[in-house]
Amino acid sequence: MYDLIIEPEEEDTEWCWEEVEGALESVGLSTADGAYLPANAEGTVWVDLGAPDSPGVMLIAVRAKEDRRPETIRQATDIAFRLADRLGGMVIDMQLGGRVLPENRDLIEAEFLR
Numbered sequence: 030m031y032d033l034i035i036e037p038e039e040e041d042t043e044w045c046w047e048e049v050e051g052a053l054e055s056v057g058l059s060t061a062d063g064a065y066l067p068a069n070a071e072g073t074v075w076v077d078l079g080a081p082d083s084p085g086v087m088l089i090a091v092r093a094k095e096d097r098r099p100e101t102i103r104q105a106t107d108i109a110f111r112l113a114d115r116l117g118g119m120v121i122d123m124q125l126g127g128r129v130l131p132e133n134r135d136l137i138e139a140e141f142l143r
């Protein structure tokens, strides 16, 4: 299990639902299936959008078989950074308990892909 959270840079800020929909569409995802949608064909990466009336945080959850784990974590990280960039948000690594900066991405991936 590997989870990333995307939240707004500024405290007390929430994205409007249209911003979230636009960001998801920019990475090839659609909100048509509801607030919990698979981000790849294998169903091992999910984006949990939360409630449409309060989209302040998004969770990207990875559930992968061991042989698919590196590829799946990289895919989830790609999605997380693209959404954060589009929405003006930051990526939080739940395992490390802190913000992940784009320049630290290789270090984070190496830690979890060993």
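Numbering (this note's numbering), first residue to last: 30 to 143. The beta-carbon is built from N, C-alpha and C at its ideal position, and this holds for glycine as well. Note that the coordinates shown come from a computational prediction; the quantities given were computed from them, not determined experimentally.
Under the three-state DSSP convention, the category residue i falls into
| i | result |
| --- | --- |
| GLY229 | Summary: the structure shown does not reach residue 229, with the chain confined to residues 30 through 143, and so no result is reported for it. |
| GLY117 | coil |
| GLY127 | strand |
| GLU36 | strand |
| ALA64 | Here the model assigns ALA64 a pLDDT of 49, short of 50, so the residue's position is not dependable, and the following value carries that caveat. In the structure shown, ALA64 sits in coil (DSSP, three-state: anything other than H, G, I, E or B). |
Whole-number beta carbon distance between residue j and residue i, since they are thought to touch under 8 Å
| i | j | result |
| --- | --- | --- |
| LEU146 | GLU40 | Residue 146 is absent from the model: the chain starts at 30 and stops at 143. |
| ILE121 | ILE34 | 4 Å |
| ILE89 | ALA109 | 5 Å |
Residue i classed as buried or exposed, judged by whether at least 16 other C-beta atoms fall within 10 angstroms
| i | result |
| --- | --- |
| ALA139 | exposed |
| LEU53 | buried |
| LEU130 | exposed |
| GLY118 | buried |
| GLU132 | exposed |
| THR42 | exposed |
| GLU38 | exposed |
Cutoff 6 Å; reference residue i; Cβ partners in own chain excluding five residues on either side
| i | result |
| --- | --- |
| SER55 | ARG115 |
| LEU125 | none |
Same chain, Cβ closer than 8 Å to residue i, five either side skipped, listed in chain order
| i | result |
| --- | --- |
| ARG134 | THR106, PHE110 |
| GLY127 | ILE121 |
| GLY51 | ARG115 |
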